[in-house]
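These notes are about the structure you will find just below.
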Amino acid sequence: MKLRLVLMSDTHHHPLSKWVIPDGDVFIHSGDMMRGKKLAAITAFNAELQKLPHKHKLVVPGNHDWPFERQREAAIAELTAATYLEDREIVIDGVKFYGSPWQPEYRNWAFNLPRGSLELKAKWSAIPDDVDVLITHTPPNTVRDMVLPRGEQVGCAQLRWRMEEISPILHAFGHVHGMRGDEMVNDTLCINASSTDEGYKRVPTVIVVDIDTETRTATIVQI
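Taken in order, the sequence shown gives residues 23 to 245; the numbers are from our numbering.
And the structure:
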């Protein structure tokens with residue numbers, strides 16, 4: 023089975039219509055659609071999603087997306103145009119996707135769990151062994167996770183261990199704006215799909231990836 027995936031993350035209140043978003047089978051947003059704490063921002067984001075032509079749209083929240091943690095039911099109710107993934111899976115045309123929003127504790131943000139904790143390990147241990155596409159907000163440790171100019175690597179070591187253990191075809195994430203791009207970890211294509219830079223300005227392009235479950239390969243079409 024082959025699917026075309028369109029990847030974005032960290033749009034931070036910028037309307038999706040500001041980008042030229044290619045069509046594809048699945049649109050994936052890896053979190054931080056917002057910068058504030060109001061439900062109205064989710065309503066506006068949902069209206070933008072409704073305009074996209076993609077048959078399937080998947081959303082994982084990020085550390086800025088407070089309503090999904092503090093007003094969970096109300097926030098999810100506003101997101102009618104996409105499938106909300108919080109520690110859950112969905113199978114699309116035989117391809118298994120799994121999404122999770124958690125991150126090692128950093129400042130006072132949403133979906134924080136103590137770094138190296140049993141709670142965080144349990145979240146990653148819940149990822150099924152047979153996932154084809156893993157979607158998180160945080161990067162795995164040392165994979166496109168360096169905050170510049172400080173040089174601090176903020177990704178999760180426990181997530182890195184689990185990703186290498188299950189070896190999905192693709193791992194899509196965001197969170198660290200300045201590290202947008204791709205990197206191979208063993209047989210997994212890892213993509214930081216951040217759509218804004220460190221100054222919260224839009225980057226010009228959207229990332230597109232084709233995956234093939236028969237050959238278990240991912241091919242970058244646009245980055």
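Every residue, glycine too, gets a C-beta built ideally from N, C-alpha and C.
It should be emphasised that the depicted structure is a prediction, and the values quoted were computed from it without experimental measurement.
Residues that DSSP places opposite residue i in a beta bridge
i, result
"residue 240", "233"
"residue 120", "111 and 156"
"residue 78", "48"
"residue 36", "For residue 36, which the question treats as bridged, DSSP gives no partner whatsoever."
Backbone CA spacing between residue i and residue j [nearest angstrom]
i, j, result
"residue 58", "residue 207", "34 Å"
"residue 238", "residue 116", "13 Å"
"residue 94", "residue 125", "17 Å"
"residue 157", "residue 192", "8 Å"
"residue 167", "residue 72", "31 Å"
"residue 29", "residue 82", "12 Å"
"residue 176", "residue 131", "14 Å"
"residue 252", "residue 212", "The question about residue 252 has no answer here: the residues shown for the chain are numbered 23 through 245."
"residue 144", "residue 164", "21 Å"
"residue 223", "residue 170", "16 Å"
"residue 80", "residue 103", "9 Å"
"residue 220", "residue 32", "10 Å"
"residue 183", "residue 44", "33 Å"
"residue 154", "residue 51", "17 Å"
"residue 49", "residue 174", "30 Å"
"residue 148", "residue 159", "16 Å"
"residue 241", "residue 232", "5 Å"
"residue 54", "residue 113", "24 Å"
"residue 188", "residue 227", "30 Å"
Buried or exposed by the 16-neighbour rule on C-beta atoms within 10 Å, applied to residue i
i, result
"residue 65", "exposed"
"residue 161", "buried"
"residue 97", "buried"
"residue 190", "buried"
"residue 186", "exposed"
"residue 62", "exposed"
"residue 202", "buried"
"residue 210", "buried"
"residue 253", "No answer is possible for residue 253: the residues shown for the chain start at 23 and end at 245."
"residue 122", "buried"
Residue i at chain C interface by Cβ criterion, 7 Å
i, result
"residue 203", "In the displayed structure, chain C is absent; only one protein chain is listed."
CB-CB length for residue i against residue j, believed under 8 Å
i, j, result
"residue 142", "residue 178", "7 Å"
"residue 218", "residue 36", "7 Å"
"residue 236", "residue 23", "7 Å"
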